[in-house]
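Q:
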Amino acid sequence: MKILISLCLSYSLFYAALAGAHAQLDVRVQHINGLLAPDSSAQLASQTNNAHLLLQRGELHSENHHRGLVWRDFQSVMENTDDANLRIEIWYYMGRMRLQSGMPDEAYNMLSKMIEFDPSYESARLNLARTYIELNDDRAAVDEMDIFISLLPRPTPDQYIGRANMAQQIDNDGEGLVIEGLNEGVYQLGPIVSLVDLLVDSYLEQGKHEDALRVIELLPHDVNGLPRWQLR
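Going left to right, the sequence shown walks through residues -19 to -1, 1 to 213 as mature numbering (1 follows the signal peptide of the UniProt record, and there is no 0) numbers them.
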């Protein structure tokens, strides 16, 4: 009974916090509505300021998962600003939202257009890679991840592993790309266990036992001496 009461209390607190978060978002949306109202004394005359307000409101609608309202606000931003940087941001947000809505063709068009203006936009590169996965173009996804990783000052192991997972789906030379990419990760970040683990498995699948042993030897002695590595 105590466990049941505790669980009920936990759920109640969770939903209360969730309702509170939505209420805060609604208050912020209402505040922006007031600033954008035609008869408001706080109305901002600048089109650029109005565009930024619409962008903020669109982001709040996105947090509330109101995608129709998000799309409307983002389109309004495009119509209310000549600011090139702001328009690039909107292309990105619209492309990401189309991807999340299960519309990869439209996402591809928007993200590609945005990257034409700013080829070094890291998040757009990552979302374009994910878009290629939805379009069943695994090779293009890996190529896009190559660019994304090259733009990062210090990629994480998960990003190298994510690229490896994409490469595994490619026929013929996919496994070679997996090994090449993981070796790059080990070279850049050092012998991190998660990267070494996947790289060793990839070598073993190809029957390259000496290469697998060489990679295991890169691990610190207190790690590569553990039973899991000795058994492998």
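Ideal Cβ placement from N, Cα and C applies to all residues, glycine included.
For Pro201 and Glu191, what's the separation of their Cα atoms in angstroms?
A: Spanning the two alpha carbons is a distance of roughly 18 Å.
Q: Decide if Ile198 is buried, meaning its Cβ has at least 16 other Cβ atoms within 10 Å, or exposed.
A: Just to set this straight, residue 198 is Glu in the shown sequence, not Ile. Classification for Glu198: exposed.
Q: Among the candidates Gln150, Leu176, Arg144, whose CA atom is the shortest distance from the CA of Asn117?
A: Comparing Cα-Cα distances from Asn117 to each of Gln150, Leu176, Arg144, the minimum goes to Gln150.
Q: Could you compute how far the alpha carbon of Ala105 sits from the alpha carbon of Met78?
A: So the alpha carbons of these two residues sit roughly 12 Å apart.
Q: Per DSSP, what kind of secondary structure is Ala(-4) in: helix, strand or coil?
A: Per-residue confidence for Ala(-4) stands at a pLDDT of 43, beneath the threshold of 50, marking its modelled position as unreliable; no derived number is given.
Q: Rounded to the nearest angstrom, how far is the Cβ of Gly39 from that of Asp63, given a contact under 8 Å?
A: Incorrect: roughly 18 Å between the Cβ atoms, too far for contact.
Q: Does the beta-carbon of Arg195 have 16 or more other beta-carbons within 10 angstroms, so that it is buried, or is it exposed?
A: Exposed: under 16 other Cβ atoms inside 10 Å.
Q: Write down every uninterrupted run of the alpha helix (DSSP H) in the region 109 to 176 whose length is 4 residues or greater and which is fully enclosed by it, in chain order.
A: Counting whole runs of 4 or more residues, the region 109 to 176 contains the alpha helix (DSSP H) stretches 119 to 132, 138 to 148, 155 to 170.
Q: Run the CB neighbour count on Ser183, radius 10 Å, all protein chains shown included, and call it buried at 16 or more, exposed below.
A: With 16 or more other Cβ atoms within 10 Å, it is buried.
Q: In whole angstroms, what separates the C-alpha of Arg135 from that of Tyr113?
A: Those two C-alpha atoms are separated by around 24 Å.
Q: Measure the CB-CB distance between Leu158 and Arg111 and report whether it falls below 8 Å.
A: No.
Q: Helix, strand or coil for Tyr74? Go by DSSP, reduced to three states.
A: Tyr74: helix per DSSP, three-state reduction.
Q: Applying the criterion that 16 or more other CB atoms from any shown protein chain within 10 Å of the CB defines a buried residue, is Glu161 buried or exposed?
A: It is exposed - the Cβ of Glu161 has fewer than 16 other Cβ atoms within 10 Å.
Q: Return the chain-ordered list of same chain residues with a C-beta closer than 8 Å to the C-beta of Pro208, the five sequence neighbours on each side being excluded.
A: Within the same chain, Pro208 has no close Cβ partners at all.
Q: Do Met84 and Ala122 have their beta-carbon atoms positioned less than 8 Å apart in this structure?
A: No, these two residues do not count as a Cβ contact at 8 Å.
Q: For Asn94, does the three-state DSSP call read helix, strand or coil?
A: Note on residue identity: the sequence assigns Lys, not Asn, to residue 94. In the structure shown, Lys94 sits in a helix (DSSP, three-state: H, G or I).
Q: Just to confirm the assignment, what range does the alpha helix (DSSP H) spanning Asp203 have?
A: Taken as a continuous stretch (DSSP letters only), the alpha helix (DSSP H) holding Asp203 covers 202 to 205.
Q: Give the secondary structure of Met59 by DSSP, where H, G and I count as helix, E and B as strand, and everything else as coil.
A: Met59 falls in the helix class under three-state DSSP.
Q: Taking its Cβ as the centre, do 16 or more other Cβ atoms sit within 10 Å of Gly76, making it buried, or is it exposed?
A: So Gly76 counts as buried.
Q: Excluding sequence positions up to five away, which residues of its chain have a Cβ less than 7 Å from the Cβ of Ser22?
A: In this predicted model, Ser22 has a pLDDT of only 41, less than 50, meaning its place in the structure is not dependable; the value taken from the coordinates is given anyway. Correct list: empty, nothing qualifies.
Q: Specify, as a first and last residue, the run of the alpha helix (DSSP H) that Asp64 falls within.
A: Premise fails: Asp64 is in no alpha helix (DSSP H) and is neither H nor E.
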